[in-house]
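Peer 1: Next up is a structure, given as structure tokens.
Protein chains: 2
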Amino acid sequence: MTYGVAIKVNDGLVFASDSRSNAGVDHVSVYSKMHVFTPRPEGPVFVLLTAGNLATSQAVVNQLQRDLDDPDCEVRLDRVQHLFDAAQYVGDISRRVQDRYADALKCSGAEVAATFILGGQLPGQNPDVYMIYAEGNYISASAETPYLQIGETKYGKPILDRIVTPATALEDAARCALVSLDSTTRSNISVGPPFELAIYRRDEQRIGHYLNLGLQSPLYVTIGKRWNEGLRRAFERLPRFDWE
Amino acid sequence: MTYGVAIKVNDGLVFASDSRSNAGVDHVSVYSKMHVFTPRPEGPVFVLLTAGNLATSQAVVNQLQRDLDDPDCEVRLDRVQHLFDAAQYVGDISRRVQDRYADALKCSGAEVAATFILGGQLPGQNPDVYMIYAEGNYISASAETPYLQIGETKYGKPILDRIVTPATALEDAARCALVSLDSTTRSNISVGPPFELAIYRRDEQRIGHYLNLGLQSPLYVTIGKRWNEGLRRAFERLPRFDWE
């Protein structure tokens, strides 16, 4: 499994993902699920998070790069007119990859599907994030739903629901993404470190901050420890029952 | 959907459940999913939580009562020798009910399955809780896994993982169950009030405290408010990034 989350606030975008990949309990390995595309300086910025079948995810990423390297390719990340065109393009590639292997994978009982989050900004347009379903269609974040998740989404959802609004500061959104990842990791063994975090400030047209955090990295340790202490303190302050 | 949780601590048992029942978005109604059986004063105490197909759940509860009312019935809740015998008995009834309707429900595409949590204490034995799968088999809680969940389990799991151990005080375990329910309700529309809470203190052979909490009940409002404030305070105390 996987956990990936993207948050869209007024100040910009945050992307976070784990990097545990497993096929059964024997094949547990580390793969990045965050892919950054900045085809030219000060040009469009894309961050792609992947979840689901690792071969499908990699084939989609490879095709995006193959197209970028092909001067004759008409549809490629640096030639889209809108961010939603890029989402549709990723969805189309994903469908083609899945169709190619679907019959073979059906025989083996394996799941070919993959889901994606694609976010970023084209120069002069607004930043945005999209979730691309396994079927290839896609939805964007909104003011009411300022985050999108893929993979093992439920454990880390409550904290996002409580904290994130469009007015949330960019770094606060990033901290919230890390707490969401931490909660998921503690409750689900299929989600694990290192964690990748990318912070994109609106109109900068480059990823301002990228962090790769292992379980031992001081920032992650401190966040986990303080959050745990804070939760315990919050818990201790809950009201007593009337018979206590 | 449903959310039900039972916690086993050294001091006793806690049971909590929501009461929203839905078949699609049109048929949303309120049904208790907590059923208490105390067949005789100071005798065995059983609390049953249900999740899944409502007709299956009700049929199982009805059969438990039918058997209790039948003097010739050899296997009934007040005649089991061990608590795990009661879990097996509930599983057997559940299988029979599901088998009875499985073919008809398969044709309509509806899901016949139900899962249960059964907990309580027989006089002179230890209290315990069991989760009974749709297939009829069952597992107990343990010192390492002191809680069991049914239904929409993931949203409310992180707080249980952080707070509950066998040494947790009974009322603290009850507060944790309410927070777990609150988190689930905020993130998933299929889980809703009123919430039922039953607190059983070891060796008392009766349910010491039973609460039915609506969204407006002062205790639930205060818990939700304080928890939200506490989380925000915990969040504000998280470390800054080094560039902030």
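Sequence lines, in order, name chains A and B.
Residue numbers 27 to 270, in my numbering, belong to the letters of the first sequence in order.
Residue numbers 27 to 270, in my numbering, belong to the letters of the second sequence in order.
Quick reminder that beta carbons are idealized off the backbone N, C-alpha and C, glycines included.
The structure displayed is predicted, hence computed values, not measured ones.
(1) Where does A/GLU197 sit, in a helix, a strand or coil, going by DSSP?
(2) Would A/ALA167 and A/TYR173 be called neighbours here (beta carbons separated by less than 8 Å)?
(3) Closest to B/PRO265 by C-alpha separation, out of A/ARG258, A/PHE72 and A/ASN254, would be which residue?
(4) For B/VAL44 and chain A, any beta-carbon pair shorter than 8 Å?
(5) Looking only at C-alpha atoms, which of A/VAL86, A/LEU148, A/GLN107 and A/PHE142 sits nearest to A/ARG122?
(6) Counting contacts by CB-CB distance shorter than 8 Å, is B/ASP187 in contact with chain A?
(7) Within 8 Å (strictly less), CB to CB, does B/HIS53 reach chain A?
(8) Residues of the stretch 217 to 243 of chain B in Cβ contact with chain A at a cutoff of 9 Å, in chain order, please.
(9) With 8 Å as the threshold, decide whether the Cβ of A/LYS132 is near any Cβ in chain B.
(10) Please list the terminal residues of the continuous alpha helix (DSSP H) segment that includes A/GLN91.
(11) By the criterion of Cβ-Cβ separation under 7 Å, what are the contact partners of B/SER209 in chain A?
(12) Run down chain A in chain order and give the residues with a C-beta less than 8 Å from the C-beta of B/SER213.
(13) Apart from the five residues just before and just after A/TYR113, which ones in its own chain have a Cβ nearer than 7 Å to its Cβ?
(14) Examine chain B for any beta-carbon lying closer than 8 Å to the beta-carbon of A/GLU197, and answer yes or no.
(15) Who are the Cβ neighbours of A/GLN89 in its own chain at under 6 Å, not counting the five residues just before and after it?
(16) Roughly how many whole angstroms lie between the Cα atoms of B/GLY218 and A/GLN231?
(17) What residues in its chain sit with their C-beta under 7 Å from that of B/GLY162, if we drop five residues either side in the sequence?
(18) Pick helix, strand or coil for B/GLY250, following the three-state DSSP scheme.
(19) Output needed for B/CYS99: all residues of its chain with C-beta closer than 7 Å, excluding positions within five of it in sequence on either side, in chain order.
(20) Residues of chain B with CB closer than 7 Å to the CB of A/LEU317, please, in chain order.
(21) I believe B/SER213 touches B/TYR246 by the beta-carbon criterion, under 8 Å. Please report the beta-carbon distance rounded to the nearest angstrom.
(22) Taking 8 Å as the CB-CB limit, is A/ILE143 close to chain B?
(23) Can you tell which of A/ARG252, A/ASP37 and A/GLU197 has its C-alpha closest to the C-alpha of A/LEU237?
(24) Where DSSP assigns a beta bridge to B/GLU24, which residues make up the other side?
(25) Tell me, please, whether the CB atom of A/PHE261 is closer than 8 Å to any CB atom in chain B?
(26) To the nearest angstrom, report how far apart B/ARG188 and A/GLN107 are at their CA atoms.
(27) State yes or no: is the C-beta of B/ALA32 within less than 8 Å of the C-beta of B/LEU204?
(28) Buried or exposed, going by whether 16 or more other CB atoms sit within 10 Å of the CB of B/HIS53?
(29) Rounding to the nearest angstrom, what Cα-Cα distance links A/PRO67 and A/LEU103 in this structure?
(30) Of the choices B/PHE267, B/PRO220 and B/THR141, whose alpha-carbon is the least far from that of B/GLN84?
(31) Could you round the C-beta distance between B/ALA200 and B/VAL190 to whole angstroms and report it? I think they count as a contact, below 8 Å.
(32) Could you spell out where the alpha helix (DSSP H) holding A/ASP104 opens and where it closes?
(33) Shorter than 8 Å from the beta carbon of A/ILE33 to some beta carbon of chain B?
(34) By the DSSP assignment, the alpha helix (DSSP H) with A/ASP187 in it spans what residues?
(35) Near B/ASP154, what residues of its chain come up, given a Cβ to Cβ distance below 6 Å and the 5 sequence neighbours on each side ignored?
(36) Whose Cβ in chain B lies nearer than 9 Å to the Cβ of A/PHE267?
Peer 2: According to the structure shown:
(1) Stepping through the first sequence from its first residue, residue 197 of chain A is reached at position 171. DSSP places A/GLU197 in helix when its eight states are reduced to three.
(2) Counting from one through the first sequence, the residue named residue 167 of chain A turns up at place 141. Counting from one through the first sequence, the residue named residue 173 of chain A turns up at place 147. Yes. Within cutoff.
(3) Position 239 of the second sequence, counting from 1, holds the residue named residue 265 of chain B. Checked all of A/ARG258, A/PHE72 and A/ASN254; the closest Cα to B/PRO265 is A/ASN254.
(4) Walking along the second sequence from the start, residue 44 of chain B turns up at place 18. Just to set this straight, residue 44 of chain B is Asp in the shown sequence, not Val. By this cut-off, B/ASP44 is not an interface position.
(5) Along the first sequence, read from residue 1 onward, the residue named residue 122 of chain A stands at position 96. If we check each option's Cα against that of A/ARG122, A/VAL86 comes out closest.
(6) On the second sequence, position 161 is the one that residue 187 of chain B refers to. Contact with chain A is found for B/ASP187, since one of that chain's Cβ atoms lies less than 8 Å from the residue's Cβ.
(7) Here the question's residue 53 of chain B lines up with position 27 in the second sequence. No, because no Cβ of chain A sits closer than 8 Å to the Cβ of B/HIS53.
(8) Residues ILE225, GLY234, HIS235 and LEU237.
(9) Along the first sequence, one-based indexing puts residue 132 of chain A at 106. Chain B, which has no Cβ nearer than 8 Å to the Cβ of A/LYS132, makes this no.
(10) Taking the first sequence and counting its residues from 1, the one referred to as residue 91 of chain A is at position 65. Per DSSP, the unbroken alpha helix (DSSP H) holding A/GLN91 starts and ends at 80 to 94.
(11) By 1-based counting over the second sequence, the position of residue 209 of chain B is 183. What B/SER209 touches in chain A: PRO184.
(12) Counting from one through the second sequence, the residue named residue 213 of chain B turns up at place 187. Below the 8 Å Cβ cutoff, chain A contributes LYS180, LYS183, PRO184 and ASP187 as neighbours of B/SER213, in chain order.
(13) Translated into the one-based positions of the first sequence, residue 113 of chain A becomes position 87. The question names Tyr, but residue 113 of chain A in the sequence shown is Ala. Cβ neighbours of A/ALA113 beyond the five flanking positions: LEU144, TYR156, ILE158 and TYR164.
(14) Position 171 of the first sequence, counted from the start, is the residue given in the question as residue 197 of chain A. Using a CB distance cut-off of 8 Å, A/GLU197 counts as an interface residue toward chain B.
(15) Walking along the first sequence from the start, residue 89 of chain A turns up at place 63. Same-chain partners within the cutoff: ILE119.
(16) The residue you call residue 218 of chain B lines up with position 192 of the second sequence. The residue you call residue 231 of chain A lines up with position 205 of the first sequence. B/GLY218 and A/GLN231: Cα-Cα distance of roughly 43 Å.
(17) The count along the second sequence starts at 1 and reaches residue 162 of chain B at position 136. The residues are GLY117, ASP118, SER120 and ARG121.
(18) Looking up residue 250 of chain B in the second sequence gives position 224. When secondary structure is reduced to three states using DSSP, B/GLY250 falls in the helix class.
(19) Within the second sequence, residue 99 of chain B is the residue found at index 73, counting from 1. Around B/CYS99, the same chain offers ASP93 as residues with beta carbons nearer than 7 Å, after the five sequence neighbours per side are excluded.
(20) A query on residue 317 of chain A cannot be resolved here, the shown segment of chain A reaching from 27 to 270 and no further.
(21) Indexing the second sequence from 1 puts residue 213 of chain B at position 187. Indexing the second sequence from 1 puts residue 246 of chain B at position 220. At roughly 17 Å, the Cβ-Cβ gap does not stay under 8 Å, so B/SER213 and B/TYR246 are not in contact.
(22) Here residue 143 of chain A corresponds to residue number 117 of the first sequence, with the count starting at 1. Interface criterion not met: the Cβ of A/ILE143 is under 8 Å from no Cβ in chain B.
(23) For the purposes of this step, residue 237 of chain A is taken as the residue at position 211 of the first sequence. Looking at A/ARG252, A/ASP37 and A/GLU197, the one whose alpha-carbon comes closest to that of A/LEU237 is A/GLU197.
(24) No information on residue 24 of chain B is available, as it lies outside the stretch 27 to 270 that chain B covers here.
(25) Residue 261 of chain A sits at position 235 when you count from the first residue of the first sequence. Using a CB distance cut-off of 8 Å, A/PHE261 counts as an interface residue toward chain B.
(26) Locating residue 188 of chain B in the second sequence gives position 162, counting from the first residue. Locating residue 107 of chain A in the first sequence gives position 81, counting from the first residue. Between B/ARG188 and A/GLN107, the C-alpha separation is close to 47 Å.
(27) Position 6 of the second sequence, counting from 1, holds the residue named residue 32 of chain B. Position 178 of the second sequence, counting from 1, holds the residue named residue 204 of chain B. The beta carbons of B/ALA32 and B/LEU204 sit no closer together than 8 Å.
(28) On the second sequence, residue 53 of chain B is found 27 positions in, with the first residue counted as 1. Exposed, because fewer than 16 other Cβ atoms sit within 10 Å of the Cβ of B/HIS53.
(29) Translated into positions along the first sequence, residue 67 of chain A becomes position 41. Translated into positions along the first sequence, residue 103 of chain A becomes position 77. Cα-Cα distance, rounded: 14 Å.
(30) Taking the first residue of the second sequence as position 1, residue 84 of chain B is located at position 58. That would be B/THR141, whose Cα lies nearest to the Cα of B/GLN84.
(31) Position 174 of the second sequence, counted from the start, is the residue given in the question as residue 200 of chain B. Position 164 of the second sequence, counted from the start, is the residue given in the question as residue 190 of chain B. About 11 Å separates the Cβ atoms of B/ALA200 and B/VAL190, ruling out a contact at the 8 Å cut-off.
(32) Working through the first sequence from its first residue, we reach residue 104 of chain A at position 78. Here A/ASP104 belongs to no alpha helix (DSSP H), and DSSP marks it neither H nor E.
(33) Taking the first residue of the first sequence as 1, we reach residue 33 of chain A at position 7. When Cβ-Cβ separations below 8 Å define contact, A/ILE33 makes no contact with chain B.
(34) Stepping through the first sequence from its first residue, residue 187 of chain A is reached at position 161. Note, A/ASP187: alpha helix (DSSP H), 183 to 189.
(35) Working through the second sequence from its first residue, we reach residue 154 of chain B at position 128. LEU109 and SER166.
(36) Within the first sequence, the letter at position 241 stands for residue 267 of chain A. The contacting residues are GLU197, ALA200, ARG201, ILE225, HIS235, LEU237 and LEU245.
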